[in-house]
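Visitor:
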Amino acid sequence: MPGTTLGTIVGLVLGLALAFGSFGQMLIVALFAAIGFVVAKVVTGDLDLSPYLSGRRLGR
Numbered sequence: 000m001p002g003t004t005l006g007t008i009v010g011l012v013l014g015l016a017l018a019f020g021s022f023g024q025m026l027i028v029a030l031f032a033a034i035g036f037v038v039a040k041v042v043t044g045d046l047d048l049s050p051y052l053s054g055r056r057l058g059r
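Numbering-wise (numbering that gives the first Met the number 0), the sequence shown opens with residue 0 and increments by one.
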């Protein structure tokens, strides 16, 4: 999905959340949108989180 299409959809969802809810509810929707974006990037292989998730090995 092109970035402009994705940005338009996210903007529409956030706008609807603000129009029908409060600012706090919109922030919750934005947080879940960001989490979904990161999960999608990890699943498609565009983002590698292994350096951040692997523990440090002491003494090596």
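Glycine included, each C-beta is placed from N, C-alpha and C at the ideal position.
Predicted model, so just to flag it, every value in this text is computed and none were measured.
Give the C-beta separation of VAL28 and VAL12 to the nearest angstrom, bearing in mind that I take them to be a contact with Cβ-Cβ under 8 Å.
Guide: The Cβ separation is near 6 Å, so the contact holds.
Visitor: How big is the Cα-Cα spacing for GLY10 and PRO50?
Guide: Their Cα atoms are separated by approximately 31 Å.
Visitor: Give me, in chain order, the residues of the same chain whose beta-carbon lies closer than 7 Å to that of LEU48; leave out the 5 immediate sequence neighbours on both sides.
Guide: The residues are VAL41.
Visitor: Assuming ALA16 and GLN24 make a contact with CB atoms under 8 Å, what is their CB distance in whole Å?
Guide: About 6 Å; that satisfies the 8 Å criterion.
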